[in-house]
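Novice: With the sequence shown counted from 1, adding 14 to any position gets you my numbering. This is the structure I want to talk about, given as structure tokens.
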Amino acid sequence: MRAESSKKMASFLQRILGGKKPAHQALSAIQAKSAEAPEEESRHHAQTSEAQSKLNLLFAFVDPKDPFAPGELAEEQFPGPILSILSAKKFDRIFLFYTPHTRKNAQETEAEALQRYPDCRITLHELPISDPRNYRVLIGLLRAIVQKLALAWRMRGGQSYVCVSSGTAEMRAAWFLLAATGVLPAKFLQVGTPARPLFGKANVREVQLESSDWENIRDLALPTMTQLRGVPTSSLSGARGPRILPESPSKPKETRREESPTETGEYEIIMGSPDEPTAKESAPLQLPGLDEVLLELGIYVGSATLRHAVEQAAIAADSHLPVLLQGETGTGKEEFAKLIHRLSPRFPKGMVVINCAAIPMTLAESYLFGHVKGAFTDASTDHKGIFESADGSTLFLDEIVELTLEVQGKLLRVLQDGVVQRMGTTAPRHVDVRIIAASNRDLRKEVSAGRFREDLYFRLDVVSIRLPPLRERRHEIANLALTLLREINQRRHKPRRLGTDALMRLERYHWPGNVRELAHVLERSVLYARDEVIRGEDLLITDNQQAKDMFAALPEPRQGFSVEDYLNQARKQLFLRALAACKGNQSEAAAMLGVSKQAVNKFVSGQSDNPG
């Protein structure tokens, strides 16, 4: 039972916090009383008069990334979790908790915070823990300090906030347990990164929890907390103890106490109120926000073109119309299909993904629509097809152009009537399936060539979204590469960073495999990197199509396009790059470009006479 409770709690915390630690490590069973708690904070300032306005209090663990965290770009650093929160919201008092391992970080964070926000008062609390992942000792020490602080400041009208983005997974879990058991009624703040905001342009958001979430925490947390206090779990079921209703971070609630304590002298703590809906009551389906889902799926949007495609997908998600995604290999068609499904009312049921190119054509009909026993030689039993399996959900048909014309005709009937017919029978079976189809080839050309049914094309083309190749989004390659590198670093013990020359090389490459190829190049380069900083020559780019695709980056001719202007600009950029690479040495630049030194000198003189 205990293992099951820990698993449920860890699963909840992993969903809320997005932690990297394995779920079974997020919580530990507590078998003994905690160590002695440190002394209470000095009461020197308790006698001073406080402002009548509500005070904002911040409770946070100091993180190894405080006060600053290194970025993925060499010599780049970002504010850590605590400075990020302080930049987003004003706090009157800050209580920072740290262990001997982060003592230096705590001192530097305090100094930096006071320099930036001199009106703020900061108190440091060191927890004498040799192992910051020792959950049993951690929760005991933390509870002893926080309980006194929270009670004192709550009586003065303070509103408590907790940073749940810093510290170990055990530290973050401890905050939720203290809030769930009424020790620290608080609101939770989660921090994103400057390059990857959690919500819009802000990098800090408040974590909103449902009543059912709090009930789940309460049910799992109470046995743990009573063991910490030395109170038998059975005493929680007694009716004599005073009851404390903690404040939900999203909806503050009153605290109610009965007059008499339990026989052990401890309070009985419960979650919930008469006004809260019970777990049995059905709540309306809550759909997530667009930015939240983009972050969840790892979709980086750095250009107006891709933003337009994302907005199209978000609008289409609310309908039941078929969607056609077209784009080159590696542009993220499956990720966009997941985006549409995740934003749709169908997301509680998992999306079914099928690569049509991987289905043997002789078995495609049976695989998609099913068959009955005896339909063909090896049909020994009835078989439900993919469409029936996806009933009530979304079916993503990748590379739909690979289906035969015969199978395309049967697919057309499903789109028109919502009916499938298993092989070997004429009995219709009604299904409710939302189709998202994808192709890396232009279906209009396939129709003209007779390889794709025109009627099926028009049926799918109700909502058509084109995903642009990476070479058309060259200006966002740098930020995309840093975002991908950040995700790679989260899975590694030794993170890597990119040098500016590496970014320049990534921006110049034509990326025939698009985002997928970029991700693979970074994965390989990080794996084999010898130093912390990856330089241009360290990038493991396999360019098998260099000769074939040497003109892939050329612009498409259009109305108003000038070949002469384009060539002049290209020549200018080549000269500037050569001079930069040779640190202004004109002779070396001339040799690199294959021109005379006089040609380079003439170019430099022209730049001086006409800087624009």
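Glycine included, C-beta positions come from ideal geometry on N, C-alpha and C. Computed from a prediction, not measured in an experiment: that's the story for all the values here.
What span of residues does the beta strand (DSSP E) with residue 396 cover, start to end?
Specialist: No beta strand (DSSP E) holds residue 396; DSSP gives it neither H nor E.
Novice: Would you list the one or two residues that DSSP bridges to residue 172?
Specialist: The partner list for residue 172 (beta bridge, DSSP) reads 69.
Novice: Can you tell me which of the three DSSP states residue 74 falls into?
Specialist: Three-state result, residue 74: strand.
Novice: Would you check if the distance between the CB atom of residue 117 and the CB atom of residue 136 is smaller than 9 Å?
Specialist: No, the pair does not count as a contact, with Cβ atoms beyond the cut-off.
Novice: If we ignore side chains and look at the alpha-carbon of each, how far apart do residue 426 and residue 473 end up?
Specialist: Cα to Cα, the separation comes out at about 8 Å.
Novice: Identify, in the order they occur along the chain, each residue of the same chain with its Cβ nearer than 6 Å to the Cβ of residue 493, setting aside the five sequence neighbours on each side.
Specialist: Closer than 6 Å at the Cβ level, and outside the excluded window around residue 493, lie 316.
Novice: Helix or strand or just coil, what does DSSP make of residue 314?
Specialist: Coil at residue 314, not helix or strand.
Novice: Determine the DSSP secondary structure at residue 198, reduced to helix, strand or coil.
Specialist: Coil, per DSSP.
Novice: Using DSSP with H/G/I as helix, E/B as strand and the rest coil, what is residue 112?
Specialist: Correct three-state label for residue 112: strand.
Novice: Is the beta carbon of residue 197 less than 9 Å from the beta carbon of residue 186?
Specialist: No, the pair does not count as a contact, with Cβ atoms beyond the cut-off.
Novice: Taking 9 Å as the threshold (C-beta atoms), are residue 340 and residue 193 in contact?
Specialist: No. Outside cutoff.
Novice: Let's see if you can read the secondary structure: which residues bound the alpha helix (DSSP H) around residue 544?
Specialist: Taken as a continuous stretch (DSSP letters only), residue 544 belongs to no alpha helix (DSSP H), as it is neither H nor E.
Novice: Among the residues of its own chain, which have a CB less than 6 Å from the CB of residue 70, if the five just before and after it don't count?
Specialist: Contacts found: 105, 106, 173.
Novice: Thinking residue 555 and residue 540 are a contact (beta carbons under 8 Å), I'd like their distance in whole angstroms, please.
Specialist: Contact doesn't hold; Cβ gap of about 14 Å is too wide.
Novice: If you follow the beta strand (DSSP E) that residue 435 is part of, which residue opens it and which one closes it?
Specialist: Unbroken beta strand (DSSP E) run through residue 435: 433-435.
Novice: Three Cβ pairs or more, each shorter than 8 Å: is that satisfied between the stretch 84-91 and the stretch 494-502?
Specialist: The answer is yes - the stretch 494-502 touches the stretch 84-91, with three or more Cβ pairs under 8 Å.
Novice: Is the CB-CB distance between residue 375 and residue 410 below 9 Å?
Specialist: Contact: no.
Novice: Can you look up residue 579 in the DSSP assignment and give me helix, strand or coil?
Specialist: Residue state, collapsed to three classes: helix.
Novice: Which residue marks the beginning of the alpha helix (DSSP H) containing residue 355, and which one marks its end?
Specialist: Residues 347-357.
Novice: Indicate whether the contact test is met: 3 or more Cβ pairs, each with one atom in the stretch 521-528 and one in the stretch 334-351, closer than 8 Å.
Specialist: Segments in contact, yes.
Novice: So the alpha helix (DSSP H) residue 603 belongs to, where does it begin and stop?
Specialist: Its alpha helix (DSSP H) spans residues 600-607.
Novice: Spatial neighbours of residue 617 within its chain, please: CB distance less than 7 Å, with the 5 preceding and 5 following residues excluded, ordered by chain position.
Specialist: So the list reads 589, once near-sequence residues are dropped.
Novice: Do you know whose CA, among 393, 551, 544, lies nearest residue 514's CA?
Specialist: Minimum Cα distance to residue 514 is reached at 551.
Novice: Between residue 112 and residue 152, how many whole angstroms is the CB-CB distance? I'm expecting something under 8 Å.
Specialist: That belief does not hold up - the Cβ atoms of residue 112 and residue 152 are roughly 12 Å apart, past 8 Å.
Novice: For residue 184 versus residue 142, is the C-beta distance shorter than 9 Å?
Specialist: Not a contact, by the Cβ cut-off of 9 Å.
Novice: Tell me the DSSP secondary structure of residue 409 in three-state form.
Specialist: Of the three classes helix, strand and coil, the one that applies to residue 409 here is strand, per DSSP.
Novice: Rounded to a whole number of angstroms, what is the C-alpha to C-alpha distance between residue 436 and residue 379?
Specialist: Residue 436 and residue 379: Cα-Cα distance of roughly 8 Å.
Novice: Counting C-beta neighbours from all protein chains within 10 Å, is the total for residue 580 16 or more, i.e. buried, or is it exposed?
Specialist: So residue 580 ends up on the exposed side.
Novice: Beta-carbon within less than 6 Å of residue 38's beta-carbon, same chain only, minus the 5 sequence neighbours each way: which residues are those?
Specialist: With a pLDDT of only 34 at residue 38, under the threshold of 50, the placement of this residue in the model should not be trusted; the figure read from the coordinates follows. Counting only Cβ-Cβ distances below 6 Å, and skipping sequence neighbours, we find nothing.
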